[in-house]
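Residue numbers (our numbering), protein chains in the order written: chain A, 123 to 596; chain B, 123 to 596. From the three backbone atoms N, C-alpha and C, an ideal C-beta is built for every residue, glycine too.
Number of protein chains: 2
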Amino acid sequence: MTRLNPEFLSQLRSRFGDRLSTSPALLEQHGRGESHHAAGLPDAVVFIKSTEEAAEIVRLCARHRVPVIPYGAGTSLEGHLSAVHGGISLDFSRMNEILRVSPEDLDCTVQAGVTREQLNGWLRDLGLFFPIDPGANASIGGMAATRASGTNAVRYCTMRDNVLSLTVVLPNGEIIRTGSRARKSSSGYDLTRLFVGSEGTLGIITEVTLRLQGIPEHTAAALCSFTDVGQAVDTAIAVVQLGIPVARMELMDRGLIAAVNAYSHLSLKLQNTLAFEFHGSPAAVEEQVRLVASIVRDNGGNDFEWATSQEERSRLWKARHSAFYAVVSQRHGARGWSSDVCVPVSELAGCIRHTRELLKTCTIPAAILGHVGDGNYHVVFAVDPSQADELETVAAINKKMVQKALSVGGTCTGEHGIGTGKIAYMRQEHGQAVDLMRIIKLAMDPHGIMNPGKILPDDALLPVASGKARSGER
Amino acid sequence: MTRLNPEFLSQLRSRFGDRLSTSPALLEQHGRGESHHAAGLPDAVVFIKSTEEAAEIVRLCARHRVPVIPYGAGTSLEGHLSAVHGGISLDFSRMNEILRVSPEDLDCTVQAGVTREQLNGWLRDLGLFFPIDPGANASIGGMAATRASGTNAVRYCTMRDNVLSLTVVLPNGEIIRTGSRARKSSSGYDLTRLFVGSEGTLGIITEVTLRLQGIPEHTAAALCSFTDVGQAVDTAIAVVQLGIPVARMELMDRGLIAAVNAYSHLSLKLQNTLAFEFHGSPAAVEEQVRLVASIVRDNGGNDFEWATSQEERSRLWKARHSAFYAVVSQRHGARGWSSDVCVPVSELAGCIRHTRELLKTCTIPAAILGHVGDGNYHVVFAVDPSQADELETVAAINKKMVQKALSVGGTCTGEHGIGTGKIAYMRQEHGQAVDLMRIIKLAMDPHGIMNPGKILPDDALLPVASGKARSGER
Numbered sequence: 123m124t125r126l127n128p129e130f131l132s133q134l135r136s137r138f139g140d141r142l143s144t145s146p147a148l149l150e151q152h153g154r155g156e157s158h159h160a161a162g163l164p165d166a167v168v169f170i171k172s173t174e175e176a177a178e179i180v181r182l183c184a185r186h187r188v189p190v191i192p193y194g195a196g197t198s199l200e201g202h203l204s205a206v207h208g209g210i211s212l213d214f215s216r217m218n219e220i221l222r223v224s225p226e227d228l229d230c231t232v233q234a235g236v237t238r239e240q241l242n243g244w245l246r247d248l249g250l251f252f253p254i255d256p257g258a259n260a261s262i263g264g265m266a267a268t269r270a271s272g273t274n275a276v277r278y279c280t281m282r283d284n285v286l287s288l289t290v291v292l293p294n295g296e297i298i299r300t301g302s303r304a305r306k307s308s309s310g311y312d313l314t315r316l317f318v319g320s321e322g323t324l325g326i327i328t329e330v331t332l333r334l335q336g337i338p339e340h341t342a343a344a345l346c347s348f349t350d351v352g353q354a355v356d357t358a359i360a361v362v363q364l365g366i367p368v369a370r371m372e373l374m375d376r377g378l379i380a381a382v383n384a385y386s387h388l389s390l391k392l393q394n395t396l397a398f399e400f401h402g403s404p405a406a407v408e409e410q411v412r413l414v415a416s417i418v419r420d421n422g423g424n425d426f427e428w429a430t431s432q433e434e435r436s437r438l439w440k441a442r443h444s445a446f447y448a449v450v451s452q453r454h455g456a457r458g459w460s461s462d463v464c465v466p467v468s469e470l471a472g473c474i475r476h477t478r479e480l481l482k483t484c485t486i487p488a489a490i491l492g493h494v495g496d497g498n499y500h501v502v503f504a505v506d507p508s509q510a511d512e513l514e515t516v517a518a519i520n521k522k523m524v525q526k527a528l529s530v531g532g533t534c535t536g537e538h539g540i541g542t543g544k545i546a547y548m549r550q551e552h553g554q555a556v557d558l559m560r561i562i563k564l565a566m567d568p569h570g571i572m573n574p575g576k577i578l579p580d581d582a583l584l585p586v587a588s589g590k591a592r593s594g595e596r
Numbered sequence: 123m124t125r126l127n128p129e130f131l132s133q134l135r136s137r138f139g140d141r142l143s144t145s146p147a148l149l150e151q152h153g154r155g156e157s158h159h160a161a162g163l164p165d166a167v168v169f170i171k172s173t174e175e176a177a178e179i180v181r182l183c184a185r186h187r188v189p190v191i192p193y194g195a196g197t198s199l200e201g202h203l204s205a206v207h208g209g210i211s212l213d214f215s216r217m218n219e220i221l222r223v224s225p226e227d228l229d230c231t232v233q234a235g236v237t238r239e240q241l242n243g244w245l246r247d248l249g250l251f252f253p254i255d256p257g258a259n260a261s262i263g264g265m266a267a268t269r270a271s272g273t274n275a276v277r278y279c280t281m282r283d284n285v286l287s288l289t290v291v292l293p294n295g296e297i298i299r300t301g302s303r304a305r306k307s308s309s310g311y312d313l314t315r316l317f318v319g320s321e322g323t324l325g326i327i328t329e330v331t332l333r334l335q336g337i338p339e340h341t342a343a344a345l346c347s348f349t350d351v352g353q354a355v356d357t358a359i360a361v362v363q364l365g366i367p368v369a370r371m372e373l374m375d376r377g378l379i380a381a382v383n384a385y386s387h388l389s390l391k392l393q394n395t396l397a398f399e400f401h402g403s404p405a406a407v408e409e410q411v412r413l414v415a416s417i418v419r420d421n422g423g424n425d426f427e428w429a430t431s432q433e434e435r436s437r438l439w440k441a442r443h444s445a446f447y448a449v450v451s452q453r454h455g456a457r458g459w460s461s462d463v464c465v466p467v468s469e470l471a472g473c474i475r476h477t478r479e480l481l482k483t484c485t486i487p488a489a490i491l492g493h494v495g496d497g498n499y500h501v502v503f504a505v506d507p508s509q510a511d512e513l514e515t516v517a518a519i520n521k522k523m524v525q526k527a528l529s530v531g532g533t534c535t536g537e538h539g540i541g542t543g544k545i546a547y548m549r550q551e552h553g554q555a556v557d558l559m560r561i562i563k564l565a566m567d568p569h570g571i572m573n574p575g576k577i578l579p580d581d582a583l584l585p586v587a588s589g590k591a592r593s594g595e596r
């Protein structure tokens, strides 16, 4: 299985002992994650414990021209983890320390392997929380690397806005900090934002400094249902346009509600549904609820059903978060394929209509859900990965969704990232800006060892160096 | 005066006619702006009208290795406009068209020369506004280039967060768009944020797509005064830590109030003052006011004085915005020198105390003001630029302020940028990350023609190409 220079591997093994593994099952898991994309196996997995260890491995890999692929919690969806040219998977699960929390500055610093739920569990007693919530219990490093967002982004924005600074191991093994703890700065190039969303292709994120929020004084959650999905979308658009600061506003179509009811043992009304969460003082929440309720009525929605207790709210959002798994579980042996486009809010209704037309003749189980306040939505398909025609069908629908989104000024991915899965759309979305991305990539990672084969299409200016450099080494 | 290859200049003149000027007064103005830094004269100023004209000039300058310096409204403060190696100043004042406003998506696209006040004048009738407000009537392109912020940032963040995408002329004359109109995206490297704050050193921003806000239903402004400036700072910190969404929270020390009263013919109480603005529904504003008032009382402040009418509010903020000019006007023939640091909020009181100690023995007129909700504050000095010892005194205080800020995890500039004035602190603040900035700069602008001499210190990895390349050409 191993294609690496044996000397390189034995050097690494003597350094890391049983924290290096080449077990086939582990390689398979690390080369795929939850993605529907085929696994690309790394040559070895190393469980690192510190930034210095990451730097040590990167220096060694740079010398031997071996690819390095960071692995957080394995929840990425677009083939980010696939070791398309082999290499070393850096597993961050043992770099999971919360290094510092400063309640008075509403910020903290964590190692990249800390997960979202772990962090929020720790923060709860301090009256704080970290709002970015992609559903999956992803690692904070992985969320930064894919510029993740999720259900709370309509109010609290995305990882782009909530990362204050990063510790990064560069492709030559140097360690940098990308920013200070000041809440704003005009000091030099925004390296933080350059690494956020770079999917491990420019460097390895090992520590993350995050902005935090105070847990709101009062929280309320509610569901309302619509006979037509278009009414639900129109409601969401009106809420955004009126600037009502809802904390969550999630669309779940009827198919999704059916899947979620079955998977999470719930009995939600079998209708197209908007799920809301409101944060603020009791008076502020009451005001938001009153305004939203009147918009819901104007658009033909039913009255709110309240999830008033903390427990009910938790069940509701847990069910929403398990939507991906709920759809996939409808079919034995299926894998999930989640599409992901984001469009200007004014184009959202048209795009969702277009998507529903595409789904009319599709017999593969599928459901629409979306962070509709951002103009971001998904179709989750439960595909049989052994059926090539199914994969082709979904790929064709996915392509049409993306092209519709691009045609109205949107993006091919709102929050999942490019990985290998969306590379084909980079040129169409970015034009010549892709060549600039390639220039930056080549300047920072001349040997192409950092998560090669991701983000940048082969037609971008110059071929990737990695594959060639590495095979020359062997 | 002109040091350029005469053939190059005559080629440019025949193309642009009387839109090219070499008038000494114009060169002086364009090489300095409002900065206290010495002017570095460009060889010529060209008043461009389109992105394509900018690209045409950049291509010509690239061929002849001539520097290009973009000029918006001339309000930058750290020597950004200084043509340290000569070259062409690109004046954007005739690229001032508002290209598109989409009220339903709360966004717009403007040419880079549109000013903040021009944009807000246009938006008013649509019930919209653009919140970023650095005080000066800066151009939107210049605000993007310096990652500006200002009085509203405590609620509405900075240019970093409010620019959706840019049109940029690259150093080779190619034109790119850095993003879509989607409110969020995970598609590739964040080129938008790379150019925001790059001060014209990586490319020329020619068009800007911005997020907009609905004009709040209700607005209230109030002043409260404190005998001790520390009480005012503690009040601001408590407001931030409790997450009260004030729209503005500005510190003006007693010296500033005196200057502002004289300059703007006001009679504000001669005390250390916090000025607040509250945005929201009437109920939300009332709630914010109640909470803030109780914090003010707890910290020994006096009761609010209200600016209730639109007219009074306008006078108040106009006076605040003219603070820089108010201090400078106290002294005949003086120029303003505004320091600018930003620190974690928990360190703000200590830093301001430290600054006040530094000012105790300083006889140059000076006043402290700050966007204290962000941890960002300034001292404005009215210096006599002909007195070398005064410049030295202010430089020494400035240096101590910056070093104090860096020592507590802050940044050497919250919003003014690096220009030439803060280059000396780049290495101290960013360490080896400066070398990475240089690698990016060299990859994108190998001939060093884009606003050379800004942001990057000479010790960063490799010498700047521009000066040499250009003198080789002559």
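In the DSSP assignment, what are the bridge partners of residue i?
i: residue 492 of chain A; result: A:373 and A:499
i: residue 464 of chain B; result: B:498 and B:533
i: residue 220 of chain B; result: B:232
i: residue 333 of chain B; result: B:229
i: residue 429 of chain A; result: A:343
i: residue 399 of chain A; result: A:343 and A:370
i: residue 394 of chain A; result: A:348
Measure from the alpha carbon of residue i to the alpha carbon of each residue in the options, then state which is nearest.
i: residue 475 of chain B; options: B:336, B:437, B:526 and B:534; result: B:526
i: residue 266 of chain B; options: B:472, B:376, B:317 and B:224; result: B:317
i: residue 352 of chain A; options: A:463, A:470, A:217 and A:433; result: A:470
i: residue 531 of chain B; options: A:243, A:141, A:301 and A:183; result: A:301
i: residue 507 of chain B; options: B:493, B:490, B:233 and B:456; result: B:456
i: residue 416 of chain B; options: B:402, B:357 and B:442; result: B:357
i: residue 483 of chain B; options: B:515, B:450, B:453 and B:493; result: B:515
i: residue 201 of chain B; options: B:276, B:268 and B:553; result: B:268
i: residue 284 of chain B; options: B:538, B:528 and B:332; result: B:332
i: residue 294 of chain B; options: A:505, A:557, A:152 and A:139; result: A:557
i: residue 600 of chain A; options: B:575, B:562, B:551 and B:559; result: With chain A represented from 123 up to 596, any question about residue 600 of chain A goes unanswered, as that position is not in the structure.
i: residue 565 of chain B; options: B:325, B:534 and B:338; result: B:325
State the Cα-Cα distance for the pair residue i and residue j, rounded to the nearest angstrom.
i: residue 350 of chain A; j: residue 162 of chain A; result: 42 angstroms
i: residue 199 of chain A; j: residue 310 of chain A; result: 33 angstroms
i: residue 305 of chain A; j: residue 386 of chain B; result: 32 angstroms
i: residue 182 of chain A; j: residue 578 of chain A; result: 24 angstroms
i: residue 479 of chain B; j: residue 504 of chain B; result: 18 angstroms
i: residue 465 of chain B; j: residue 360 of chain A; result: 38 angstroms
i: residue 364 of chain A; j: residue 481 of chain B; result: 47 angstroms
i: residue 568 of chain B; j: residue 330 of chain B; result: 25 angstroms
i: residue 537 of chain A; j: residue 289 of chain A; result: 22 angstroms
i: residue 547 of chain B; j: residue 524 of chain B; result: 8 angstroms
i: residue 138 of chain A; j: residue 174 of chain A; result: 13 angstroms
Exposed or buried, which one is residue i when buried takes at least 16 other CB atoms within 10 Å?
i: residue 160 of chain B; result: exposed
i: residue 185 of chain B; result: exposed
i: residue 607 of chain A; result: With chain A covering only 123 through 596, there is no way to say anything about residue 607 of chain A.
i: residue 279 of chain A; result: buried
i: residue 445 of chain A; result: buried
i: residue 460 of chain A; result: buried
i: residue 485 of chain B; result: exposed
Give the C-beta separation of residue i and residue j to the nearest angstrom, bearing in mind that I take them to be a contact with Cβ-Cβ under 8 angstroms.
i: residue 600 of chain B; j: residue 433 of chain B; result: Outside the modelled stretch of chain B, which goes from 123 to 596, sits residue 600 of chain B, for which no answer is possible.
Anything in the region 176 to 197 of chain B with a Cβ closer than 8 angstroms to a Cβ of chain E? List those residues in chain order, please.
Structure shown: chain E not included; protein chains present are A and B.
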